[in-house]
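According to the numbering used here, the stretch in the sequence shown is residues 111 to 234, in order. Data block below; observations after.
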Amino acid sequence: MADLKDFAEQLVNLTVKEVNELATILKDEYGIEPAAAAVAVAAGGGAGAEAAEEKSEFDVILKAAGGSKLAVVKLVKELTGLGLKEAKGLVDDAPSAIKEGVAKDEAEALKSQLEEAGAEVELK
111 MADLKDFAEQ
121 LVNLTVKEVN
131 ELATILKDEY
141 GIEPAAAAVA
151 VAAGGGAGAE
161 AAEEKSEFDV
171 ILKAAGGSKL
181 AVVKLVKELT
191 GLGLKEAKGL
201 VDDAPSAIKE
211 GVAKDEAEAL
221 KSQLEEAGAE
231 VELK
């Protein structure tokens, strides 16, 4: 049981870059679609109780780079603190999570900045 707790703690502390690398490994090597697994886990864990209370944490999802891909890559680099290559990878792999578990105000600010740069963004 202690090993599972350690594993859970490692998962919780992953960076956005590491989560994307993990998703790629799961998909390429094991044929597992991480998004489908996340939905299944979220649905199984008391979703009814969570739906009753107002959502306080949001994920900023880049759906598409739009017409100004270079500007979006530069902004993603700035917002996430990733290197240029990693930021480009996030934009190229859209839809992808730019930031996860952020407050509503921060999520809306990020969405606004990305949309101004020409990206298509959604909050989840």
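Built from N, CA and C at the ideal position, the CB exists for glycine as well.
When DSSP labels each residue in this structure, what does residue i get in the three-state scheme?
| i | result |
| --- | --- |
| residue 208 | strand |
| residue 213 | strand |
| residue 191 | coil |
Where does the unbroken beta strand (DSSP E) through residue i begin, and where does it stop?
| i | result |
| --- | --- |
| residue 173 | 167–174 |
| residue 233 | 230–233 |
Output needed for residue i: all residues of its chain with C-beta closer than 7 Å, excluding positions within five of it in sequence on either side, in chain order.
| i | result |
| --- | --- |
| residue 168 | 212, 214, 217, 233 and 234 |
Residues in the same chain with beta-carbon distance under 8 Å from residue i, minus the five sequence neighbours each way, listed in chain order, please.
| i | result |
| --- | --- |
| residue 220 | 170, 189, 208, 209, 212 and 231 |
| residue 112 | none |
| residue 206 | 130, 171, 172 and 200 |
How is the alpha helix (DSSP H) around residue i delimited, first residue to last?
| i | result |
| --- | --- |
| residue 130 | 126–140 |
| residue 112 | 112–122 |
Would you mind giving the Cβ-Cβ distance between residue i and residue j, rounded to the nearest angstrom? I have them listed as a contact below 8 Å.
| i | j | result |
| --- | --- | --- |
| residue 136 | residue 172 | With a Cβ gap of about 20 Å, residue 136 and residue 172 do not count as contacting. |
| residue 227 | residue 174 | Actually they are not in contact, since the Cβ atoms of residue 227 and residue 174 sit about 12 Å apart, beyond 8 Å. |
| residue 183 | residue 165 | About 29 Å separates the two Cβ atoms, so there is no contact after all. |
Rounded to the nearest angstrom, what separates residue i and residue j at their Cα positions?
| i | j | result |
| --- | --- | --- |
| residue 121 | residue 130 | 12 Å |
| residue 229 | residue 115 | 38 Å |
Taking 6 Å as the limit between beta carbons, can you name the residues of its chain near residue i, skipping five residues before and five after?
| i | result |
| --- | --- |
| residue 194 | 187 |
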